[in-house]
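Student: Below are the structure tokens for one structure; questions will follow.
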Amino acid sequence: MKRLLSRDALAGLMFIAFAAWGFIAAADLEGGTSAAMGPGYFPRIVSSILLLLGTAILVVALWSGDALPPERGRLRPIFSVSLAGLVFAALLEKGGIIAAITAAVLIGVMAGERPRPLPLVALTGALILVSIALFIWGIGVPIPIWPDWEAMSRRWI
Amino acid sequence: MDLIANIALGFSVALSWENLALCFVGCLLGTLIGVLPGIGPLPTMAMLIPVTFKLEPTGALIMLAGVFYGSQYGGSTTAILVRLPGETSSLVTVLDGHALAQKGRAGIALAMAAYGSVVAGILSTIAIGYGAPFLASIALLFQSADYVSVMVLGLVAAVVLASGSILKALAAITFGALLGLVGTDITTGEFRLTMGFHSIADGLGFVPIAMGLFGLAEIAYNLENVAEKSGHAVPVGRLLPSWAEIKQVFPAILRGTGLGAAFGILPGGGPTISAFAAYSLEKRLSKHPEEFGKGRLEGVASPEAANNAAAQTCFIPMLSLGIPPNAIMALMIGAMMIHGLTPGPEIISKQPGLFWGMVMSMLVGNIILVILNLPLIGIWVRLLSIPYRFLFPTILVLCCIGTYTVDNSVEDVLIMVVFGVIGYVMRKLECEPTPMLLGLVLAPLLEENFRRALTLSDGDLSVFVTRPISLGFLLASVALLGTMMMSGLRRRREEAFQEE
């Protein structure tokens with residue numbers, strides 16, 4: 021059991037899972053022949069190699085691995101950072117860049133040592149200004165600056 | 002002379018006001034992120050790709066290249082002054098560099114690192130000018146089957162020189178390749194592996210994946226090890242080395258340059274491995290190996306020359322064959338494709354302005370970098386006191402907006418988050434995610450050539466071994482894999498990585 025939960029064995033299982041995803045996602049694609057390959061031919065080759073490698077990693081780990089457990093981590097950093105990305109994505113097009121950045125920074129800073137309020141406000145403000153200048157005015161990305169109140173009220177009321 | 006005309010053309014492109022400014026911005030940003038630990042050239046370049054949309058492709062590539070080799074300069078500053086490698090490629094610089102700093106000779110160490118880098122930069126620019134067109138002229142003889150084999154060799158070799166488990170690195174490459182196949186099948190137009198999401202019908206973007214793996218995942222990973230991320234800079238001191246010191250170090254710089262230039266061209270090579278190799282070489286050649294680690298100038302100058310040389314010569318296979326020797330070059334290829342350029346042997350002859358302009362901009366860039374790094378060292382020292390708690394929200398926000406900007410797509414931001422989590426899990430399981438990028442970029446090319454080769458040979462797989470060029474590459478790949486499995490090379494490789 022200790023070996024099965026080692027970082028090597030888990031890595032093997034992870035790659036096997038990725039290979040399985042490849043096979044399932046390519047299941048309805050025509051394979052064809054080697055002279056006239058269909059869209060599914062190459063994905064299946066790659067998935068097979070991945071399956072082989074994943075199995076090899078797993079077997080080696082169960083056989084002779086040093087059974088090191090996965091590196092200990094804390095969930096908060098990866099959770100906050102991912103959540104910040106998701107909220108940013110959800111807010112950007114309707115809520116505008118100011119709301120999206122503010123939310124991303126406020127959620128993002130939960131990941132680490134929290135800055136004090138004043139530097140935090142300064143940082144958020146600077147990031148908003150730089151982003152508006154660089155992306156909206158500079159390269160003309162069509163993102164609203166302010167929230168689209170009408171669309172939001174329609175959604176929530 | 003053709004070469005002189007080409008150099009003149011290159012300078013005319015590189016010295017235009019716009020390109021000069023872009024080269025400067027690239028070098029400046031490169032130095033900045035090089036100095037700051039916790040952010041490397043890969044996510045920075047990924048973030049910059051959308052910013053370069055409105056630029057001419059040449060200018061865009063000049064700037065991106067500047068970030069890469071600029072980060073090699075900046076990395077040494079942090080290594081010497083704070084005993085933290087600003088970049089992985091300056092890991093060995095920490096040893097003697099910081100030892101010198103503690104003896105009050107930080108300025109000399111910085112100067113040696115910069116001189117080593119600039120000499121290496123200039124010499125390897127010349128190597129690119131000669132090497133890339135030569136390699137491209139050979140590559141024009143390649144047929145599809147040969148391309149398949151050279152890519153296989155590149156992917157295999159990338160594993161040899163990468164750190165960590167060989168099987169895991171191979172699996173990471175293969176997983177990357179599988180992801181590279183997502184999207185519309187070029188021959189039939191059918192959607193593949195899209196799981197019904199129309200937004201990825203054009204394929205998974207390079208930028209969202211790179212930002213997820215190296216932006217988000219890196220932030221989370223760094224935050225867990227935050228205690229190590231602070232340090233105090235020591236005073237710089239005298240910056241000008243004496244004549245005797247220069248004479249002592251110059252041969253080491255040349256050796257480092259040669260070694261780095263060679264390692265840069267090798268598939269899988271790059272700045273980090275070159276710096277390690279140069280350090281071991283100097284230690285072996287030195288009459289005073291016992292002084293290494295206690296502040297030998299050669300121990301700073303040679304690895305810094307090597308990492309800068311490699312950072313430049315790794316452009317050779319990328320520009321002449323269209324095959325990236327490392328993940329950064331994979332990203333450059335991604336950037337070129339976004340700008341509508343197909344990397345390959347034709348690029349040098351069809352776009353001489355682009356190629357020679359880029360090569361000459363590296364020459365210009367190296368000179369800019371010396372100026373940025375030596376007289377202005379005080380500014381960079383002050384930057385070192387920026388705490389990570391301000392840095393990471395900035396990286397986070399720029400990753401989010403940058404990813405969105407590539408295609409104005411919210412889905413891309415979601416893909417970035419997914420790969421952030423995947424990258425984080427991979428690192429926790431000791432799988433280096435970097436090789437994934439090679440697979441991701443090479444998979445479509447590999448498939449296209451594989452299909453074409455087999456269509457031409459009527460499905461006969463023997464085409465890969467009957468063509469001599471292809472056979473040669475395949476034998477080389479098998480030999481490499483065989484050697485690794487025998488584990489001799491593997492042990493030596495681990496030694497090289499653990500060299501004090």
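For the protein sequence lines, the chains are A and B, in the order given.
According to our numbering, the first sequence is numbered sequentially starting from 21.
According to our numbering, the second sequence is numbered sequentially starting from 2.
Glycine included, each C-beta is placed from N, C-alpha and C at the ideal position.
Under a Cβ-count criterion, where at least 16 other Cβ atoms within 10 Å of its own Cβ denotes burial, should methionine 212/B be classed as buried or exposed?
Tutor: Label assigned to methionine 212/B: buried.
Student: Using the Cβ count rule (16 or more neighbours within 10 Å means buried), how would you classify methionine 361/B?
Tutor: Under this definition methionine 361/B is a buried residue.
Student: Is any beta-carbon of chain A found at less than 8 angstroms from that of leucine 441/B?
Tutor: Not closer than 8 angstroms to any Cβ of chain A, the Cβ of leucine 441/B fails to qualify, so no.
Student: Helix or strand or just coil, what does DSSP make of methionine 363/B?
Tutor: Looking at methionine 363/B - three-state DSSP - the assignment turns out to be helix.
Student: Given 8 angstroms as the limit, is there contact between the region 327-337 of chain B and the region 26-34 of chain B, that is, 3 or more CB pairs closer than that?
Tutor: The region 327-337 of chain B vs the region 26-34 of chain B: no contact.
Student: Within a Cβ cutoff of 6 angstroms, which residues of the same chain sit near threonine 314/B, ignoring the five residues on either side of it in sequence?
Tutor: The answer, listed in chain order, is Ser125, Ala128, Ala262, Gly265 and Ile266.
Student: Based on the DSSP output, what are the partners of glycine 52/A in its beta bridges?
Tutor: The partner list for glycine 52/A (beta bridge, DSSP) reads Met57/A.
Student: How many whole angstroms separate the CB atoms of serine 67/A and alanine 46/A, which I take to be in contact at a CB cut-off of 8 angstroms?
Tutor: Rounded, the Cβ-Cβ distance is 7 angstroms, consistent with contact.
Student: Classify alanine 100/B: buried if its beta carbon has 16 or more other beta carbons within 10 angstroms, exposed otherwise.
Tutor: The residue in question, alanine 100/B, is buried, as its Cβ has 16 or more Cβ neighbours within 10 Å.
Student: With 16 other CB atoms within 10 Å as the buried threshold, where does phenylalanine 198/B fall?
Tutor: By the neighbour-count rule (16 or more Cβ atoms within 10 Å), phenylalanine 198/B is not buried but exposed.
Student: What residue range does the alpha helix (DSSP H) around isoleucine 334/B cover?
Tutor: 328-339 is the extent of the alpha helix (DSSP H) around isoleucine 334/B.
Student: Does leucine 481/B come within less than 8 angstroms of chain A when only Cβ atoms are used?
Tutor: It does not; no Cβ of chain A falls within 8 angstroms.
Student: Mind listing the chain B neighbours of phenylalanine 108/A? Cutoff is C-beta to C-beta under 7 angstroms, in chain order.
Tutor: Correct list: Cys401 and Val414.
Student: Between glutamate 229/B and chain A, is the shortest Cβ-Cβ distance under 8 angstroms, so that the two count as touching?
Tutor: Residue confidence for glutamate 229/B is low, a pLDDT of 47 falling below 50, so the modelled location carries little weight; the figure read from the coordinates is stated next. No, because no Cβ of chain A sits closer than 8 angstroms to the Cβ of glutamate 229/B.
Student: Below 7 angstroms on C-beta distance, what does isoleucine 121/A contact in chain B?
Tutor: Those are Val398, listed as they occur along chain B.
Student: Strictly by DSSP, which residues pair up with glycine 184/B?
Tutor: Its beta-bridge partners are Arg193/B.
Student: Which residues bound the alpha helix (DSSP H) around proline 137/A?
Tutor: Where proline 137/A is concerned, the enclosing alpha helix (DSSP H) stretches over 137-151.
Student: How far does the alpha helix (DSSP H) with methionine 130/A in it reach, from first residue to last?
Tutor: Note, methionine 130/A: premise wrong, no alpha helix (DSSP H); not H, not E.
Student: Report yes or no: do the region 346-358 of chain B and the region 453-466 of chain B share at least 3 C-beta pairs separated by less than 8 angstroms?
Tutor: Counting Cβ pairs under 8 angstroms, fewer than three are found: no touch.
Student: Quick one: using the 10 Å Cβ neighbour count with 16 as the cut-off for buried, is asparagine 226/B buried or exposed?
Tutor: By the neighbour-count rule (16 or more Cβ atoms within 10 Å), asparagine 226/B is not buried but exposed.
Student: Please list the segments of the beta strand (DSSP E) lying wholly inside the region 269-327 of chain B, counting only runs of 3 or more residues, in order along the chain.
Tutor: Qualifying beta strand (DSSP E) stretches: none in this window.
Student: Isoleucine 117/A to threonine 45/B, Cα distance in whole Å?
Tutor: Distance between the alpha carbons of isoleucine 117/A and threonine 45/B is about 21 angstroms.
Student: For a contact meaning CB atoms closer than 7 angstroms, what does proline 436/B contact in chain A?
Tutor: Simply none; closest approach about 12 angstroms.
Student: Excluding the 5 residues flanking glycine 323/B on each side, which residues of the same chain have their C-beta closer than 6 angstroms to its C-beta?
Tutor: The answer, listed in chain order, is Pro344 and Gly345.
Student: Taking 8 angstroms as the cut-off, decide whether the C-beta atoms of serine 275/B and asparagine 308/B are in contact.
Tutor: Closer than 8 angstroms, so yes.
Student: Taking 8 angstroms as the cut-off, decide whether the C-beta atoms of phenylalanine 215/B and leucine 43/B are in contact.
Tutor: Yes, these two residues count as a Cβ contact at 8 angstroms.
Student: Cβ of alanine 171/A less than 8 angstroms from any chain B Cβ?
Tutor: Judged by the 8 angstroms Cβ criterion, alanine 171/A is not in contact with chain B.
Student: Look at the alpha carbon of glutamine 249/B and the alpha carbon of valine 83/B, and state the distance between them as a whole number of angstroms.
Tutor: Those two C-alpha atoms are separated by around 25 angstroms.
Student: Rounded to whole angstroms, what is the Cα-Cα separation between phenylalanine 176/B and leucine 71/A?
Tutor: Near 10 angstroms, if we compare the C-alpha coordinates of leucine 71/A and phenylalanine 176/B.
Student: According to a CB-to-CB cut-off of less than 9 angstroms, which residues of the region 75-95 of chain A neighbour chain C?
Tutor: Absent from the structure: chain C. Protein chains present are A and B.
Student: According to DSSP, simplified to helix, strand and coil, what is glutamate 229/B?
Tutor: Low confidence applies here, because glutamate 229/B scores a pLDDT of 47, under 50, leaving its location unreliable; read the following figure in that light. In this structure, glutamate 229/B counts as helix in the three-state DSSP scheme.
Student: Going by the beta-carbon positions, is the gap between alanine 253/B and glutamate 305/B smaller than 8 angstroms?
Tutor: It is not a contact, given that the beta carbons lie outside the stated cut-off.
Student: Please work out which residues of its chain come closer than 8 angstroms, Cβ to Cβ, to leucine 439/B, disregarding the five sequence neighbours upstream and downstream, and give them in chain order.
Tutor: The answer, listed in chain order, is Gly155, Leu156, Ala159, Ile174, Gly177, Pro325, Asn327, Ala328 and Ala331.
Student: At 7 angstroms on the CB atoms, spell out the chain A contacts of phenylalanine 176/B, in chain order.
Tutor: Under the 7 angstroms cutoff, chain A gives Phe35, Phe38 and Leu70.
Student: Could you work out which residue in Phe143/B, Ser166/B, Thr188/B and Gly11/B is closest to glutamate 449/B when comparing CA atoms only?
Tutor: Ranking Phe143/B, Ser166/B, Thr188/B and Gly11/B by Cα distance to glutamate 449/B puts Thr188/B first.
Student: Alpha carbon to alpha carbon, what distance is there between phenylalanine 420/B and glutamate 50/A?
Tutor: Their backbone Cα atoms lie some 28 angstroms apart in a straight line.
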